[in-house]
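So in my numbering the end of the sequence shown lands on 499, straight run, no missing numbers. Every residue, glycine too, gets a C-beta built ideally from N, C-alpha and C. Please read these numbers as outputs of a predicted model, since none were measured by experiment.
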Amino acid sequence: MSSIKADIANPALADEGEKNILWADRSMEVLQGIRERFSQEKPLEGVKLSACLHVTTETANLMRTLKAGGADVVLCASNPLSTKDDVAAALVEKYDIPVFAIHGEDRDSYYSHIEAAVEHAPQITMDDGADLVSTILKSYPELASQLIGSTEETTTGVIRLRAMANNNVLQFPVIAVNDARTKHMFDNRYGTGQSTIDGILRATNILLAGRQFVVAGFGWCSQGIAMRAQGMGANVTVCEVDPLRALEAHMSGFDVVPMAEAAKTGDVFVTSTGDISVIRKEHFEQMKDGAIVANSGHFNVELDLEDLAEMAVEKNQIKPNLEEYCLADGRSIFVLAEGRLVNLAAAEGHPAEVMDMSFANQALSAEYLAKAAADLEHDVYPVPREIDERIARLRLQASNVEIDRLTAKQLEYLESWQMGT
Ligand code: ADE
Numbered sequence: 079m080s081s082i083k084a085d086i087a088n089p090a091l092a093d094e095g096e097k098n099i100l101w102a103d104r105s106m107e108v109l110q111g112i113r114e115r116f117s118q119e120k121p122l123e124g125v126k127l128s129a130c131l132h133v134t135t136e137t138a139n140l141m142r143t144l145k146a147g148g149a150d151v152v153l154c155a156s157n158p159l160s161t162k163d164d165v166a167a168a169l170v171e172k173y174d175i176p177v178f179a180i181h182g183e184d185r186d187s188y189y190s191h192i193e194a195a196v197e198h199a200p201q202i203t204m205d206d207g208a209d210l211v212s213t214i215l216k217s218y219p220e221l222a223s224q225l226i227g228s229t230e231e232t233t234t235g236v237i238r239l240r241a242m243a244n245n246n247v248l249q250f251p252v253i254a255v256n257d258a259r260t261k262h263m264f265d266n267r268y269g270t271g272q273s274t275i276d277g278i279l280r281a282t283n284i285l286l287a288g289r290q291f292v293v294a295g296f297g298w299c300s301q302g303i304a305m306r307a308q309g310m311g312a313n314v315t316v317c318e319v320d321p322l323r324a325l326e327a328h329m330s331g332f333d334v335v336p337m338a339e340a341a342k343t344g345d346v347f348v349t350s351t352g353d354i355s356v357i358r359k360e361h362f363e364q365m366k367d368g369a370i371v372a373n374s375g376h377f378n379v380e381l382d383l384e385d386l387a388e389m390a391v392e393k394n395q396i397k398p399n400l401e402e403y404c405l406a407d408g409r410s411i412f413v414l415a416e417g418r419l420v421n422l423a424a425a426e427g428h429p430a431e432v433m434d435m436s437f438a439n440q441a442l443s444a445e446y447l448a449k450a451a452a453d454l455e456h457d458v459y460p461v462p463r464e465i466d467e468r469i470a471r472l473r474l475q476a477s478n479v480e481i482d483r484l485t486a487k488q489l490e491y492l493e494s495w496q497m498g499t
């Protein structure tokens with residue numbers, strides 16, 4: 079058994095975890111290429127890096143890549159229900175990477191694991207939701223001065239980090255990986271779309287065809303969910319607060335109504351808005367017997383489950399990730415995965431092909447920070463455009479897709495203003 083410091087559920091799962099990690103790696107060709115180059119060039123030699131990410135097979139391949147680049151890495155979970163215990167075991171036992179994460183851990187254990195990642199005294203942090211950075215700024219401000227910089231994986235985290243920059247409390251540069259086009263256009267849309275449906279089906283095994291399916295939000299993630307639910311034959315309704323997104327949903331052919339209306343007719347509800355109390359008491363009161371509610375937004379704040387618990391006379395765990403709330407008037411409402419990210423808690427998160435691009439952005443952003451952070455302010459920066467485009471070209475190549483190149487005449491035309499019809 080490995081002697082490195084770690085806190086995981088069961089080291090005996092390491093063989094199974096290794097097989098799953100290598101299976102995912104087959105679909106992560108861009109990251110593989112970066113790993114090969116990193117192992118030659120060692121751009122992160124000696125850099126202490128703490129990552130707070132979902133502990134999945136794809137994340138394991140990112141950790142292997144950072145380690146190949148010379149980084150001294152530790153990993154903790156960014157959600158108590160998304161950890162795959164076999165992956166955590168393999169990282170510790172097979173790859174000598176310290177992991178602090180146990181599937182289903184309670185709040186205290188979750189935060190003690192974040193503290194373990196902070197105690198590593200990182201020079202670079204990698205976050206999915208900004209919990210690591212906010213813990214450092216709130217509880218360990220003395221560590222902030224040694225941070226070269228940080229990267230952030232998700233929309234919710236970028237919003238929190240921009241708030242920190244606006245409050246002048248950010249003490250290092252942050253790269254908003256989420257905002258790279260090779261991240262959000264694919265991971266948020268196709269990744270969340272597919273994995274959310276996967277989570278709902280694994281938890282319930284219901285038929286989606288013909289169901290009334292309500293999606294709260296029409297950002298990149300919720301667009302993906304609406305599109306894939308429609309593809310499975312569901313009748314999709316979208317609820318929005320943003321007039322432009324609402325218009326986009328309307329012209330994409332979805333019904334757009336307020337949640338108070340949708341609550342009366344929906345069979346399945348999924349939130350993915352990034353805000354709190356999206357489905358609350360007034361909506362639960364209107365729902366049909368048997369309604370299913372789930373969340374695919376980063377934090378478990380979108381469904382007001384405290385309201386629902388107060389309305390319930392009894393709760394039954396039907397099977398993992400499927401809980402029945404029995405209400406006094408005889409109706410039952412079913413909640414998936416305790417209102418936490420249903421795609422990661424009840425399924426395996428986004429498929430490796432999309433995480434390949436997201437994590438290529440993470441690896442190259444860490445390399446960029448190691449080289450260029452001294453020239454950056456204490457602010458939130460985009461992934462350099464050159465990195466984003468390089469990743470798109472590499473992913474096309476890995477997918478055997480060829481594209482055209484502009485001819486010299488076409489280039490000249492694009493750069494000129496004299497030519498009309
Ligand atoms: N976020 C969504 N899906 C993920 C995955 N498969 N691995 C890590 N983070 C994720």
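Proximity test, residue i beta-carbon vs the ligand ADE heavy atom, cut-off 7 Å
i: T143; result: no
i: T274; result: no
i: H132; result: yes
i: E136; result: yes
i: H376; result: no
i: G427; result: yes
i: G269; result: yes
i: M106; result: no
i: L422; result: yes
i: M433; result: yes
Bounding residues of the beta strand (DSSP E) (the contiguous stretch that carries residue i)
i: Q496; result: Premise fails: Q496 is in no beta strand (DSSP E) and is neither H nor E.
i: L159; result: Premise fails: L159 is in no beta strand (DSSP E) and is neither H nor E.
i: L400; result: L400 to L405
i: L131; result: K126 to L131
i: I469; result: Segment R463 to A476 is the alpha helix (DSSP H) holding I469; no beta strand (DSSP E) there.
i: M79; result: It is not in any beta strand (DSSP E) - M79 carries neither H nor E in the DSSP assignment.
i: T315; result: N313 to C317
i: E230; result: G227 to E230
Simplified DSSP assignment, three categories, for residue i
i: A438; result: helix
i: D184; result: coil
i: S117; result: helix
i: N98; result: helix
i: L221; result: helix
i: F377; result: coil
i: K342; result: helix
i: F250; result: coil
i: A294; result: strand
i: L419; result: strand
i: T282; result: helix
i: L484; result: coil
i: T351; result: coil
i: Q395; result: strand
i: M204; result: strand
i: F332; result: coil
i: S273; result: helix
i: L447; result: helix
Start-to-end residues for the alpha helix (DSSP H) that takes in residue i
i: E426; result: From DSSP, E426 is part of no alpha helix (DSSP H); its letter is neither H nor E.
i: Y459; result: Note, Y459: premise wrong, no alpha helix (DSSP H); beta strand (DSSP E) at V458 to P460.
i: I411; result: Where I411 is concerned, there is no enclosing alpha helix (DSSP H), although the beta strand (DSSP E) it sits in stretches over S410 to L414.
i: M389; result: L383 to M389
i: G235; result: T233 to N244
i: M329; result: P321 to M329
i: T134; result: Counting along the chain, T134 falls outside any alpha helix (DSSP H), and DSSP gives it neither H nor E.
Exposure label - residue i; buried when at least 16 CB within 10 Å
i: D184; result: exposed
i: M497; result: exposed
i: T315; result: buried
i: P336; result: exposed
i: I354; result: exposed
i: I82; result: exposed
i: K397; result: exposed
i: Y268; result: buried
i: Y491; result: exposed
i: V391; result: exposed
i: K145; result: buried
Same chain, Cβ closer than 6 Å to residue i, five either side skipped, listed in chain order
i: D466; result: A258, R259 and T260
i: D150; result: K126
i: D333; result: T315
i: E136; result: A102, A430 and M433
i: A129; result: L153 and M204
i: A281; result: N399, L400, L414 and A424
i: M310; result: L286
Interface flag, residue i vs chain C, CB-CB below 8 Å
i: H328; result: Considering every chain present, this structure includes no chain C. It has just one protein chain.
Heavy atom of the ligand MN within 7 Å of residue i beta-carbon
i: M263; result: Although the ligand MN was asked about, the structure shown includes only the ligand ADE as ligands.
Other residues of its chain near residue i: CB distance less than 7 Å, five sequence neighbours each side excluded
i: V177; result: A84, I86, V133, L153, A166, L169 and V170
i: R142; result: R113 and Y173
Cβ neighbours of residue i in the same chain (closer than 8 Å, five flanking residues each side left out)
i: R471; result: none
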